[in-house]
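Residue numbers (our numbering): 1 to 504. Positions of the beta carbon are idealized from the N, C-alpha and C atoms, including for glycine. To start, the structure under review is shown below, and the notes come after it.
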């Protein structure tokens with residue numbers, strides 16, 4: 001019921017009851033009320049306890065938060081959590097899905113988020129960080145909570161690409177291709193003619209794609225699929241049985257050329273979007289190098305056509321204004337430095353590299369100072385009695401002058417020296433290939449770099465995108481559908497929670 005996202009009413013379904021009667025006639029199927037009021041809540045409580053136990057070992061957590069609307073037009077906020085466990089594995093869980101009976105104002109979102117943090121005792125985690133989309137209400141919510149905030153890079157890519165999709169020449173091609181795709185989706189005659197021509201021309205038997213306004217990459221996929229199937233589409237449109245039922249579906253050679261240029265210009269954005277939508281990756285470390293690379297890729301060249309130049313210009317202008325605050329830039333760059341794949345920071349200037357590692361050194365030294373420093377055995381030959389006396393004198397000094405001389409220059413210098421040496425050794429180590437897992441590398445090297453590994457533990461758990469929360473939406477659409485519109489918000493929360501977390 002949870003894994004398959006089946007409604008409570010499934011146990012009363014005639015076909016299901018018939019099957020169970022064949023399999024085991026003596027089995028008395030529990031009622032839907034039993035599942036709704038006893039079985040599912042009990043399973044929810046058990047899974048909640050397991051998630052709470054897993055969270056206890058987390059040094060730092062990253063949260064994602066997004067609002068959405070069900071098919072029954074009910075509004076919800078979903079919160080997910082991400083952290084790295086002791087085995088250097090990324091763990092992600094859905095914490096809660098709360099109904100929003102009020103409007104999605106920043107104040108209401110902040111209240112929901114603070115309630116989630118309190119319910120799961122996450123306020124004990126230092127430097128709580130939340131990833132959200134770029135909506136103004138989310139920014140207001142983050143200001144009200146005081147939590148550190150990072151903007152979802154997938155949304156940044158979407159906004160920049162959507163801006164380019166609004167260019168008049170681009171919109172013109174999209175409208176025409178969308179009209180063709182819609183026709184072949186709605187016309188059985190057209191679909192049959194298309195399939196027949198695909199087979200004759202030896203093309204893949206792929207259906208045409210219709211774009212979705214909220215997902216920029218669906219427009220790319222629509223154009224790309226059309227170009228793939230263009231010979232079959234043209235042949236199908238010219239067939240007598242199709243031609244009499246279709247109007248205004250012709251594309252000129254200039255339109256085809258523009259479509260090809262669009263695919264070329266948008267390709268770097270598609271690759272970046274696909275990278276950010278991969279799951280179980282510490283994607284915060286990927287944001288800065290990807291952002292820098294996209295700014296380079298969208299810089300116009302002399303070889304670019306006017307349309308490609310216009311598309312690149314629109315994307316570049318939008319990307320250039322993102323992640324400009326010193327706090328965001330510092331977090332993204334340090335996270336990349338802590339990823340052994342990107343630690344050379346080749347996308348930064350020498351001055352920026354030096355500044356980033358100086359900040360890392362400061363953080364590493366602070367970690368060293370916070371940890372108890374064991375005393376060396378410099379008096380190993382002294383008698384036990386003399387050692388005890390020395391310890392007593394030392395304790396007396398600490399009692400009297402400890403607060404005044406809490407951080408001596410000797411300790412500070414020592415911590416800085418240790419951090420500097422560790423960073424130098426880390427920088428000199430070979431970079432990890434881009435295809436390798438940075439967390440596996442840290443797992444094997446944590447004893448070599450004890451300070452930096454702790455910082456990596458705290459930074460690489462942060463997702464660079466709120467896609468994790470968005471993935472709940474499609475699941476929620478299955479659960480909160482027409483036949484389940486009577487589900488209470490509490491039951492919807494439980495089913496979504498169990499669907500995502502049962503395998504813990």
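- Query: Among residues of its own chain, excluding the 5 on either side of residue 378, which ones have a beta-carbon nearer than 8 Å to its beta-carbon?
  - Reply: Confidence at residue 378 is low in this model, with a pLDDT of 30, below 50, so its placement is unreliable and no value can be given for it.
- According to DSSP, is residue 80 helix, strand or coil? DSSP places residue 80 in strand when its eight states are reduced to three.
- Message: Which residue marks the beginning of the alpha helix (DSSP H) containing residue 62, and which one marks its end?
- Response: According to the DSSP assignment, residue 62 belongs to no alpha helix (DSSP H) but to the beta strand (DSSP E) extending over 62-69.
- Task: Could you check the C-alpha separation between residue 94 and residue 48 for me, to the nearest Å?
- Result: A straight line joining the alpha-carbon of residue 94 with that of residue 48 spans about 10 Å.
- Task: Whole angstroms is fine: what's the gap from residue 11's alpha carbon to residue 500's?
- Result: As the crow flies, the alpha-carbon of residue 11 is around 22 Å from that of residue 500.
- In this structure, what does DSSP give as the bridge partners for residue 93? Residue 93 has 81 as its beta-bridge partners, per DSSP.
- Taking one C-beta from the segment 342-357 and one from the segment 198-209 each time, how about it: are there three or more such pairs within less than 8 Å? As far as the Cβ criterion goes, the segment 342-357 does not touch the segment 198-209, which means the pair count is below three.
- Tell me whether residue 149 sits in a helix, a strand or coil according to DSSP, three-state version. Under the three-state reduction of DSSP, residue 149 is assigned to strand.
- Message: Between which residues of its own chain and residue 389 is the CB-CB distance below 7 Å, once the five residues before and five after are set aside?
- Response: Since pLDDT at residue 389 reaches only 49, below the 50 mark, its modelled position is unreliable, and the value read off the structure follows with that caveat. Around residue 389: no qualifying Cβ.
- Query: Bridge partners of residue 75, per DSSP?
  - Reply: DSSP, once it has assigned bridges, lists 69 as partnering residue 75.
- Message: Just to confirm the assignment, what range does the beta strand (DSSP E) spanning residue 130 have?
- Response: Boundaries of the beta strand (DSSP E) harbouring residue 130: 129-132, taken from the DSSP string.
- Query: Less than 9 Å separating the beta-carbons of residue 319 and residue 156?
  - Reply: Yes, they are a contact pair.
- Could you pull out every unbroken alpha helix (DSSP H) segment of at least 4 residues lying fully inside the segment 145-202, listed in chain order? Taking only runs of at least 4 residues, the alpha helix (DSSP H) segments lying wholly in the segment 145-202 are 153-165, 168-186, 188-201.
- Excluding the five sequence neighbours on either side, which residues of its own chain have a C-beta within less than 8 Å of the C-beta of residue 107, listed in chain order? Once the five neighbours on either side are set aside, the close Cβ partners of residue 107 are 140, 141, 144.
- Message: According to DSSP, residue 98 sits in a beta bridge with which residue or residues?
- Response: Note: residue 98 sits in a beta bridge opposite 77.
- Among 435, 418, 448, the one whose alpha carbon lies nearest that of residue 429: Out of 435, 418, 448, 448 has the C-alpha closest to the C-alpha of residue 429.
- Task: Please list, in chain order, all residues of the same chain as residue 131 whose beta carbon is under 6 Å from its beta carbon, the five residues on each side excluded.
- Result: Only 64, 150, 152, 463, 466 meet the Cβ criterion.
- Counting along the chain, where does the alpha helix (DSSP H) carrying residue 256 start and finish? Run containing residue 256: 253-276, per the alpha helix (DSSP H) assignment.
- Give the secondary structure of residue 446 by DSSP, where H, G and I count as helix, E and B as strand, and everything else as coil. Here residue 446 carries a coil assignment [DSSP, helix/strand/coil].
- Message: In this structure, how does DSSP classify residue 488 when only helix, strand and coil are distinguished?
- Response: Note: residue 488 maps to coil in three-state DSSP.
- Which residues in the same chain have their Cβ closer than 7 Å to the Cβ of residue 353, if we skip the five residues on either side of it in sequence? 345, listed in sequence order.
- Item | Selection from 317, 179, 205 that minimises the alpha carbon distance to residue 251 | For residue 251, the nearest C-alpha among the options comes from 179.
- Could you check if residue 310 is buried or exposed, using at least 16 other CB atoms within 10 Å of its CB as the buried criterion? Around the beta-carbon of residue 310, 16 or more other beta-carbon atoms lie within 10 Å, marking it buried.
- Quick one: what does DSSP say residue 396 is sitting in, helix, strand or coil? For residue 396, the secondary structure class from DSSP, reduced to helix, strand or coil, is helix.
- Rounded straight-line distance, which links the Cα of residue 128 to that of residue 50: Computed Cα separation, rounded: 21 Å.
- Leaving out five residues before and five after residue 435 in sequence, what residues of the same chain have Cβ atoms less than 6 Å from its Cβ? Taken in chain order, the list of residues that qualify is empty.
- Item | For residue 229, the first and last residue of its enclosing alpha helix (DSSP H) | In the DSSP annotation of this structure, residue 229 is not part of any alpha helix (DSSP H), being labelled neither H nor E.
- Item | Cα-Cα separation, residue 495 to residue 28 | Distance from the CA atom of residue 495 to the CA atom of residue 28, rounded to whole angstroms, is 24 Å.
- Query: Looking at C-alpha atoms only, which residue of 67, 118, 40 is the closest neighbour of residue 136?
  - Reply: Out of 67, 118, 40, 67 has the C-alpha closest to the C-alpha of residue 136.
- Query: Which of the three DSSP states, helix, strand or coil, is assigned to residue 22?
  - Reply: DSSP, read as helix, strand or coil, puts residue 22 in helix.
- Message: At 4 residues or longer, what runs of the alpha helix (DSSP H) sit wholly inside the segment 297-346?
- Response: Runs of the alpha helix (DSSP H) inside the segment 297-346: 306-320, 326-337.
- Message: Taking 6 Å as the limit between beta carbons, can you name the residues of its chain near residue 459, skipping five residues before and five after?
- Response: By the criterion of a C-beta distance shorter than 6 Å, residue 459 is surrounded in its chain by 335, 338, once the five residues flanking it on both sides are discounted.
- By the 10 Å Cβ neighbour count, where 16 or more other Cβ atoms means buried, how is residue 101 classified, buried or exposed? Label assigned to residue 101: exposed.
- Query: Taking C-beta to C-beta, are residue 196 and residue 169 nearer than 9 Å?
  - Reply: Taking 9 Å as the cut-off, the beta carbon of residue 196 is found no closer than this to the beta carbon of residue 169.
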